[in-house]
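Here the protein sequences line up with chains A and B, keeping their order. FYI, the numbering for the first sequence is 989 to 1347, going by this note's numbering. FYI, the numbering for the second sequence is 989 to 1347, going by this note's numbering. No residue lacks a Cβ here, since even glycine has one placed at the ideal position from N, Cα and C. Quick caveat, the model's predicted, so the values are computed rather than measured. Inspection log for the structure reproduced underneath, given as structure tokens.
Number of protein chains: 2
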Amino acid sequence: MIISKDQIADIAMGGAFLATGGGGDVLVGKMTTEEILRRHGDVELMPLEALDDAATVIAIGSVGAPTIMQEKVSNGMEALWALQALEAYLGRKADALIAFEAGGLNALVPFLVGAQRKLPVLDADGMGRALPELQMETFSIYGVKATPLSMAGDLGDNAVINTRNSAVAEKLVRQFAIHAGGGHCCSAEHVMDGKTAKRVSVPGTISLCHRIGASLGTHYGKLDLFLADLQTILKDTHYGKMKCLFEGKIADVARRVEGGFDMGDLRLESFGADKKEMRIAIQNEYLIAKLDGEVVATVPDLIILIDHETCRPITSETIHYGHRVAVIGIGAPPIMTTPEAMKVLAPRCFGFDTDYKPL
Amino acid sequence: MIISKDQIADIAMGGAFLATGGGGDVLVGKMTTEEILRRHGDVELMPLEALDDAATVIAIGSVGAPTIMQEKVSNGMEALWALQALEAYLGRKADALIAFEAGGLNALVPFLVGAQRKLPVLDADGMGRALPELQMETFSIYGVKATPLSMAGDLGDNAVINTRNSAVAEKLVRQFAIHAGGGHCCSAEHVMDGKTAKRVSVPGTISLCHRIGASLGTHYGKLDLFLADLQTILKDTHYGKMKCLFEGKIADVARRVEGGFDMGDLRLESFGADKKEMRIAIQNEYLIAKLDGEVVATVPDLIILIDHETCRPITSETIHYGHRVAVIGIGAPPIMTTPEAMKVLAPRCFGFDTDYKPL
């Protein structure tokens, strides 16, 4: 499939949906990517099956506080610079790019670089959604070393790091974003061959973003039609069951910034006379949903809030009192629920005193 | 001059003296260096004049919280690993090493690596004393780029960074020390040729450490003899006037940790019946001394507290109520008081509302 600037808006909207509340607003990233593709041309979206086993695959994406990126706009070059720094270090070039995260802006970043470098972008990613930290990428979970990893900021600073594990790399990337990138940087990481990429990636996620985004466009404001279409779309994927968990309005938002994350709790009240109550815990993303005190959905399954009127996904930092929403749950793909994956993706890894409860 | 393990104790003691209160206790670093020289052999201490103009010179040293290094002992390899990472990045090897700082432990670090790599250590450094941040090195002040700069931690993590200026590099090194090195790392930086090193370094500082350390050994407990000898030693150097500013006891210590630094204020009372009062401001190092309210010494001039009985230099984190001390002021070398140097070394750069007042 060839991706031109005309498909970028749909991929961005689908990315915002898979972001499960994280990843911030994708508007600026969408515009930057459209402009780069207008200048540099189309990009091939390559299915994992079409990838050569010996190809060099490099994962790329953007790291930092999404709220900052709304005002301090990316120059569109950071990801390319990060890739170049890593290639110089490795002494070899990438044959294909992969998004380390299909949620939010990061579904778009590989296209920015793919257009400038005429490289294919794989239809896959390392998270199947948005998640807050690097060691949560399936690449790391299934044994690919995160480093050598490179980073670049918008003023041209860069770094190449080698760390003993992905958790240390995560901390260094976060600090580079703060101290060299003004709150944001791009990274290139998890160098692997094509054969490995097929084993450790969440397949089909970029085309899924595209289909969900297109469906949101078609069914703008028609919740029932969108949900029915989403059900159909997901049937072709590795994702599990889809459920509409709740319809209601936001009754309370408690939000605080802690350790560089947006943390918080939402309280929702149902529209009906029965006044059911849902509570949702936030760490950038929506991570745990409880209905009348009972856990009904947990990370790594996807918990997505969409506007009840427009069906547009709502990010965790913009949600507010009175917002009328539908809460959608989607089962995570099997690669994200294995015992290995549970070691870093289970609710307890985020500090919650609850086990994973599949939808 | 050839440095064997038998000279290391004197260099360490002289380094502690030039550290002006910073740099922490040098005992562990001294023992590590003695052991490495015992295993790997002696190191040539090379005067700047003997250096080939075309030689590749690399500055090395240790970064982090000195208090941590007393308990989490260095493995003696971090500086070598940092050098190797930088050499691999550059594609060429160092011909000579230089201490980025002659104060405290960092007077020793080049010998650790020099012994293991059979490289000469230059009799010079980039600070002429201890100072808290990388952009305060004379190398940076006189136009040598700090990056590419490499860092390595004791568990083998490393990084090579390229930044737009030394202040950004300083922040990234500090964060690497915290997040990858457990509070401490070594760096290799400010790659320059021999001709440049001669222009931008503070000359003679390592042999000065050695002479001061030896004098402290000889004149242990004899303050007058030590001060007279110090006067003689300093006459052969680029340093300015030496004065004994105060003799008295610590009447009060106000200390707090702020932004990774030991900040504080000392109040001293003179031994005599006239009860003169001195106040000294600390940011790791002793930076400003006031006698009865009047500024008598400021950074970049050296303010050194030594024990009134033993003459041993006293670090700012160990000084305590009742400590009987002599306060010594030494004029900084001319290379540290030029208009360029004042842009980063004047008291105002440390947040003090006072100008540089030469001794």
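Asked                                                                                                                                                                              : Found
Looking at Val1132 of chain B and Val1188 of chain B, is the spacing between their C-beta atoms short of 8 Å?                                                                      : yes
Helix, strand or coil for Phe1259 of chain A? Go by DSSP, reduced to three states.                                                                                                 : coil
Anything in chain B within Cβ reach of Ala1168 of chain A, meaning under 7 Å, just list it in chain order.                                                                         : Thr1151, Val1156 and Leu1160
So what does DSSP say about Asn1146 of chain A, is it helix, strand or coil?                                                                                                       : strand
With DSSP run on the structure shown, which of helix, strand or coil describes Ala1038 of chain B?                                                                                 : helix
Does DSSP put Met1065 of chain A in a helix, in a strand, or in coil?                                                                                                              : coil
Buried or exposed for Thr1220 of chain B, please, with buried defined as at least 16 other CB atoms from any protein chain shown within 10 angstroms of its CB.                    : exposed
Following the continuous beta strand (DSSP E) through Arg1105 of chain B, name the residue where it begins and the one where it ends.                                              : No beta strand (DSSP E) contains Arg1105 of chain B, which is instead part of the alpha helix (DSSP H) from Val1097 to Arg1105.
Report the option in B:Thr1342, B:Leu1006 and B:Gln1072 whose CA atom is closest to the CA atom of Ile1276 of chain B.                                                             : B:Thr1342
Taking only beta-carbon atoms, is Phe1164 of chain B less than 8 Å away from chain A?                                                                                              : yes
Select from the segment 1136-1150 of chain B all residues with a C-beta closer than 8 Å to any C-beta belonging to chain A, and list them in chain order.                          : Leu1143, Gly1144, Asp1145, Asn1146, Ala1147, Val1148, Ile1149 and Asn1150
Quick one: using the 10 Å Cβ neighbour count with 16 as the cut-off for buried, is Arg1117 of chain B buried or exposed?                                                           : buried
Should Leu1119 of chain B and Gly1228 of chain B be called a contact, given that it needs their Cβ atoms to be closer than 8 Å?                                                    : no
Once the 5 residues before and after Leu1222 of chain A are set aside, which same chain residues still bring their CB inside 7 Å of it?                                            : Met1230 and Ile1318
With burial defined as no fewer than 16 other Cβ atoms inside 10 Å of the residue's Cβ, what is the status of Val1245 of chain B: buried or exposed?                               : exposed
So, is Ile1046 of chain B buried or exposed, given that buried needs 16 or more other C-beta atoms within 10 angstroms?                                                            : buried
If you draw a straight line from the alpha carbon of Ala1082 of chain A to that of Ser1154 of chain B, how long is it in whole angstroms?                                          : 31 Å
So what does Gln1271 of chain B bridge to, in DSSP terms?                                                                                                                          : B:Met1251 and B:Glu1273
Between which two residues does the alpha helix (DSSP H) harbouring Leu1222 of chain B extend?                                                                                     : Leu1211 to Lys1223
Would you call the CB atoms of Val1190 of chain B and Pro1035 of chain B closer than 8 Å?                                                                                          : no
With a threshold of 8 Å, are at least 3 pairs of Cβ atoms found where one atom belongs to the segment 1170-1188 of chain B and the other to the segment 1028-1042 of chain B?      : yes
For the pair the segment 1328-1342 of chain A and the segment 1080-1096 of chain B, tell me if three or more CB-CB distances fall below 8 Å.                                       : no
Using 8 Å as the threshold, is the C-beta distance between Glu1059 of chain A and Cys1173 of chain A below it?                                                                     : no
Need the endpoints of the alpha helix (DSSP H) that Gly1017 of chain A sits in, please.                                                                                            : Leu1015 to His1028
How long is the line joining the alpha carbons of Val1014 of chain A and Glu1273 of chain A, rounded to whole angstroms?                                                           : 15 Å
What span of residues does the alpha helix (DSSP H) with Lys1229 of chain A cover, start to end?                                                                                   : Where Lys1229 of chain A is concerned, there is no enclosing alpha helix (DSSP H), given that its DSSP letter is neither H nor E.
Going by Cα to Cα distance, which pick from B:Arg1199, B:Pro1136 and B:Leu1100 is closest to Glu1075 of chain B?                                                                   : B:Pro1136
Based on the DSSP output, what are the partners of Ile1113 of chain A in its beta bridges?                                                                                         : Checking the displayed sequence, the identity of residue 1113 of chain A turns out to be Asp instead of Ile. Paired residues: A:Ala1087 and A:Val1190.
Determine the extent of the alpha helix (DSSP H) in which Ala1329 of chain A is found, giving its start and end residues.                                                          : Pro1327 to Leu1333
Name the two residues that bound the continuous alpha helix (DSSP H) containing Ser1128 of chain A.                                                                                : Thr1126 to Ile1129
Name the residue from B:Lys1210, B:Ser1304, B:Ala1176 and B:Met1251 whose alpha carbon lies nearest to the alpha carbon of Leu1068 of chain B.                                     : B:Ala1176
Tell me whether Leu1401 of chain B sits in a helix, a strand or coil according to DSSP, three-state version.                                                                       : Residue 1401 of chain B lies beyond the residue range present for chain B, which begins at 989 and ends at 1347; the question has no answer from this structure.
Count the C-beta pairs between the segment 1192-1210 of chain B and the segment 1144-1159 of chain B that are closer than 8 Å, then say yes if the count reaches three, no if not. : no
Thinking C-beta only, is Ile1270 of chain B closer than 8 Å to His1256 of chain B?                                                                                                 : Sequence check: residue 1256 of chain B is Leu here, not His. The answer is no: Cβ separation not under 8 Å.
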